[in-house]
Each structure stands twice: as C-alpha cells, then as structure tokens.
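Working notes, structure below.
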Amino acid sequence: MISAKRILVVEADSSFRTALFRFFQRKGHQAVTAISISEAKKLLQTDIEFHLGMISTKLPDGDSQELMQIFKSKFSSAGLVAIENKNMSLEEMERLTSAYLFTEPVVSIAQKSPAHKLLQVIGESDSIREVFTLVEKVADSESTVLITGESGTGKELIARAIHQASSRKDEAFVAINCGAIPTELLESELFGHIKGAFTGAIQNRVGRFELADGGTLFLDEIGDLAPSLQVKILRALQEKAFEPVGSTKTLHVDVRLIAATNVNLEKAVEENKFREDLYYRLNVIPLQIPSLRERKTDIPILLRHFVEKFAKTRKKKLTGFSSDAMDYLVQYQWPGNIRELENLVERMSILKGEGSVEVLDLPTKYRAEVKNENSFDLMDLPESGLDFNSAVDAYENALILRALEKTGWNRNQAALLLKLNRTTLVEKIKKKGLKPSNDMIDLGN
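Laid out in structure tokens, this is it:
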C-alpha cells in the first residue's frame, strides 16, 4: 500500500494552487499550501516533515531560489520541483512527481512465484486490502470458500487469485456459471454423462468436477442451483464422489471448491430455496467483496489501469480523465461495479479516441448524480422539531470547517472556496471559536 506523503505547494496563482491541492488529495497524499515565500518560510520553521516541494519560480515577495535552497537544506532526501508552467496536464504533473510519491498502483496478491505474475488485483483501499489479506490466509487451505458480492465486483478474479496462490496452482482451475446454463443441461456440465444417457448424448462427456480433479472448481452464481442439483453438489463435496449422468460407476475426485453468489443465501435458506446443509458446507470461509462505491479511493487507480489496457490495442490513445471528470466519476454510485467502469473506459477510448476525457465527454448518467454546487443534504427533522437558528449555525460551522480543512487552514483559499470576503471569514472563525484538529497546522493567514 502506498503510504501517504506530505507535499509543500508554494504558488501565488489561486486556481493552479487549488488544482495541485486537489490532485494530491485524490492520490491520497496531503498537500500543505502557501501563497508566498514568507508564508512558506513559516511552515519550514515548524516540525512538519515534507517529502516533496513544489515551488513556483515566480513569487511576489522574494527569490524562489533562496526558498528552494532552504527547503533542500532541511529535507535533503525530499524531492523538489520548480513550477514554471501553470498549464501542466495531469499526466505531466504525475510524471514530475512520480519518482518521489507514486509507485505502480497494482497489488498482486500472489507475488511469491513467477507463475503468479499474470494475476493482478487492482486496488489500495482498506476494504480491498482486507480481501487480499484473507485470500493470502486461506489460499493453502483445503476448505471451501464462499465469495459473496454484487455483480461486477470481480468474484471470479478473486477465486482465481485463491487458486494461483495455493499449492494447487499448477493444476486446473475450472469455472462454470450455474446461472447461465439451463437446469436440464447443468447436471451434465457438472458431472458429465455417458453415451446414450439421453437424447443427443452421442458420446461420453467429461464433467467439470472431473476436469478439476487435483485443482480448483469455481461455481459462480451457485444460488441459482435447482434443488435436485443442490443434493448432488452436497454429496460430491462430502464424499468427493459422483456418478456421471446415465452411469452407475462412481468417480472419485480431489477438488477444492470455491463458490460465489450475488444473492443472500441465508435468506434463501429461510425461504426454503436453498438447502441449509449445503449452505453451511459452502460457507466454511466466507469472503465478502466490497462494491465499487465502498472503495471509491480505488476509482482513479482503476480508471488509469483500464486506460492503459485499452491504449495498448488502439492507434489513438486516451491519456486519462480530467480532474473535473474524475470528480464526477468518484461521486457516481457504480451499480455495475468494476465491470461497468471498465466498459465506460472502453467506450470513451472509442468515442473520444485520444486526449483527456472531459466532463462533457461523459455519458449523461455519469453526470446526473453530482450535486449542484448550491445544493446540500438536509438533516432529518425530528418529530419534536428543532431549533432553526442552532441548526443553521451548526451547518455554517460545518461548511467553514470543511473549507478550512480542505485548504490546510489557509484562510485565503477557504474564503475563495466559500466565495466569502476573507475578512468576513476571519470574523466568523473568531466569533465561532473554530480551531483546527490536532493534526492540522493553523497558518494564521
């Protein structure tokens, strides 16, 4: 996991300074900003440790070279970037800072062997890293794993990850979607059949259980199994044995089973739609995959991954998404999860073709859920009512604190965000007695 870094941004231009602040914030880092040399020197006199300095070559109150020398003398191992061009793209910005702050945002959960390098699970959020940790713990177990999660979250990818990190990695990984095959054909797909077992069975057929012998069998959408097949799956799990359709010969197999579903199997058991004994046999190790809206910090990483993926197959190449477009996509709820995000990038790579995807390039639905800048969430009104003036004052406090925290308690920038006169904002802060949290520095500006 990439550790958060602290960046000193010294830039007089408010719009560009804000753009830098937002850029690093989206990357999971903390930017502390200053608008002048004197303000930056105040920061350098504190105990704050910086990993990178981004300092404009044109500041209103002195020699930027002197400030850069002070920065480097105090933080000899930190990076230093002189800002000369205020029209830098996100790609240029990332190229300039990548050596100091960023590493490839791909986590392979099975990096122990060269055989696993083809498998890459993308993400750095706490929720997906919890999944990585559990996968590593259960990979070498022979226990059955039940993977749950919404459609499009990558359940099969996680199942493959478990297999490739296990001692069975050199054997077969066999997958079948139980919801995609008609019930009358699924039994044959799973257990095979012999010639003449039914109309159309013109030769013997090997089933998925037999194909997976020695390896891993992945049953996707297992909640769609018919009751008659649930009984046979249960027996195959308990006895590691089954008979092909139409045969009286029992076959024995050594299969590690991983199942997945996007339905609530506990509820299905209560409604007598799924066998309780099979549910408990499957649910030895439960593994919940978070939805994309539960891991929104991974969205920029996933977008970049898919941009690079589709760029390899096309002559015209997208360079990425603008910061404003990214803001919209981070706020979108992603009902189709990662599959929907990948489809969007593929669509943009075809329709946009090249350059950076802007807000107006996005399909309408990806812009519809973002709130107007003047909108806000109303608190619930209790049955007993509430004090209007107190509620308004509390909301005003929250807005001011949010703006101050977003700008590192830089009153000039906070006033710009709130579209207030700086003097008015300062008076409100003083009157309300607002103070930064323990980990924030009040610049007093």
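First residue of the sequence shown? That's -6 in my numbering, and the numbers climb one at a time after it. Ideal Cβ positions, reconstructed from N, Cα and C, are used throughout, including at glycine. Because the structure is a prediction, the values reported are computed rather than measured.
* Tell me whether the beta-carbon of residue 311 lies closer than 8 Å to the beta-carbon of residue 350. => yes
* Reduced DSSP secondary structure (H/G/I, E/B, other) of residue 69 -> coil
* **residue 43, buried or exposed, once every other Cβ within 10 Å from all chains shown has been counted against 16** => With 16 or more other Cβ atoms inside 10 Å of its own Cβ, residue 43 counts as buried.
* **When 7, 19, 53 are compared against residue 324, the one with the closest alpha-carbon** => 19
* Can you grab the Cα-Cα spacing for the pair residue 523 / residue 272, in whole Å? => Limits of the chain in this structure are -6 at one end and 438 at the other, which puts residue 523 out of reach.
* Tell me residue 245's beta-bridge partners as DSSP assigns them. => 234
* Terminal residues of the beta strand (DSSP E) in which residue 168 lies -> 166 to 170
* Asked: What do you reckon, are the CB atoms on residue 213 and residue 168 nearer than 8 Å?
  -> The Cβ atoms of residue 213 and residue 168 sit closer than 8 Å to each other.
* Among 49, 118, 8, 142, the one whose alpha carbon lies nearest that of residue 330 -> 142
* To do: Go to residue 352, then tell me how far its alpha helix (DSSP H) extends in each direction, as first and last residue.
  => Residue 352 -> no alpha helix (DSSP H), and no H or E assigned at all.
* Asked: Under a Cβ-count criterion, where at least 16 other Cβ atoms within 10 Å of its own Cβ denotes burial, should residue 62 be classed as buried or exposed?
  -> exposed
* Can you tell me whether DSSP reads residue 13 as helix, strand or coil? -> helix
* To do: Quick one: grab the DSSP three-state call for residue 46.
  => strand
* Environment of residue 403 [buried if 16+ CB atoms lie within 10 Å] -> So residue 403 ends up on the buried side.
* To do: For residue 347, I'd like the list of residues in its chain whose CB is within less than 8 Å of its CB, leaving aside the five on either flank, ordered along the chain.
  => 309, 310, 311, 312
* To do: Using DSSP bridges, identify the partner residues of residue 348.
  => As DSSP reads the structure, residue 348 sits in a beta bridge with 311.
* Asked: DSSP three-state call for residue 140: helix, strand or coil?
  -> strand
* Only counting runs of 4 or more residues, tell me where the alpha helix (DSSP H) segments fall wholly within the segment 168 to 206, in order along the chain. => 176 to 184, 201 to 204
* Tell me, please, whether the segment 148 to 160 touches the segment 194 to 204 by the rule of three or more beta-carbon pairs shorter than 8 Å. => In the pairwise beta carbon analysis, the segment 148 to 160 is classified as not touching the segment 194 to 204: fewer than three pairs are separated by under 8 Å.
* Is the distance from the Cβ of residue 250 to the Cβ of residue 140 below 8 Å? -> no
* **Nearest neighbour of residue 55, chosen from 215, 166, 28 [CA to CA]** => 28
* **Boundaries of the beta strand (DSSP E) in which residue 288 is found, first to last residue** => No beta strand (DSSP E) holds residue 288; DSSP gives it neither H nor E.
* Asked: Buried or exposed: which applies to residue 103, given that a residue is buried once 16 or more other Cβ atoms fall within 10 Å of its Cβ?
  -> Note on residue 103: pLDDT 33, under 50, position unreliable in the model; the coordinate value appears next. Flag for residue 103 reads buried.
* DSSP beta-bridge partners of residue 213 -> The partner list for residue 213 (beta bridge, DSSP) reads 170.
* Taking the C-alpha atoms as reference points, what is the distance between residue 333 and residue 124? -> 21 Å
* To do: In angstroms with no decimal places, state the Cα-to-Cα distance between residue 207 and residue 221.
  => Annotation: residue 207 to residue 221 spans about 26 Å, alpha carbon to alpha carbon.
* Unbroken beta strand (DSSP E) run spanning residue 262, endpoints -> It is not in any beta strand (DSSP E) - residue 262 instead sits in the alpha helix (DSSP H) that spans 258 to 263.
* Asked: If you pair each beta-carbon of the segment 188 to 198 with each one of the segment 283 to 293, do three or more pairs fall below 8 Å?
  -> no
* To do: Kindly indicate which three-state DSSP category residue 76 falls into: helix, strand or coil?
  => Assignment of residue 76 by DSSP, reduced to helix, strand and coil, places it in the strand class.
* Just checking, does the segment 292 to 307 make contact with the segment 333 to 345 on the three C-beta pairs under 8 Å criterion? -> By the Cβ test, the segment 292 to 307 is in contact with the segment 333 to 345, since at least three Cβ pairs between them sit closer than 8 Å.
* **Top-ranked residue by Cα proximity to residue 77, from 185, 154, 52** => 52
* To do: Could you tell me whether the Cβ atoms of residue 408 and residue 418 are closer together than 8 Å?
  => yes
* Asked: Based on the DSSP output, what are the partners of residue 278 in its beta bridges?
  -> 138
* **DSSP state of residue 23 mapped onto helix, strand, coil** => strand
* Asked: How long is the line joining the alpha carbons of residue 391 and residue 274, rounded to whole angstroms?
  -> 50 Å
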